[in-house]
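The block underneath contains the structure these notes are about, expressed in structure tokens.
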């Protein structure tokens, strides 16, 4: 595991390398309250004008469990495609 400070530093450095007008979606970051607080400090002090929108998906635990139980990953090490047997799902 990587510390909250280190992962946030890496994300902030990466942000600094991006064009100011490039939309960015962070998937899986921040994962902890500490990461969120550090990232908020970065946004407030960033020399760039960053517009941040937070989207929170509320999914019942039972739905998450069902989806995970229906997920399959190709065993071919060169493939690793993700498939789901969940109705309406397509190959990821």
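Numbering (the numbering used here), first residue to last: 5 to 96. The beta carbon of each residue, even a glycine, is placed where N, CA and C say it ideally should be. Owing to the predicted nature of the structure, the values given are computational and were not obtained by experimental measurement.
Option in the options with minimal Cα separation from residue i
i: residue 37; options: 50, 81, 8 and 26; result: 8
i: residue 90; options: 70, 19 and 21; result: 70
Whether residue i touches residue j by CB criterion (8 Å)
i: residue 43; j: residue 12; result: yes
i: residue 24; j: residue 49; result: no
i: residue 33; j: residue 15; result: yes
The alpha helix (DSSP H) enclosing residue i, as first and last residue numbers
i: residue 15; result: 8-20
i: residue 49; result: 37-49
Unbroken beta strand (DSSP E) run spanning residue i, endpoints
i: residue 60; result: Unbroken run through residue 60: none, as it is neither H nor E.
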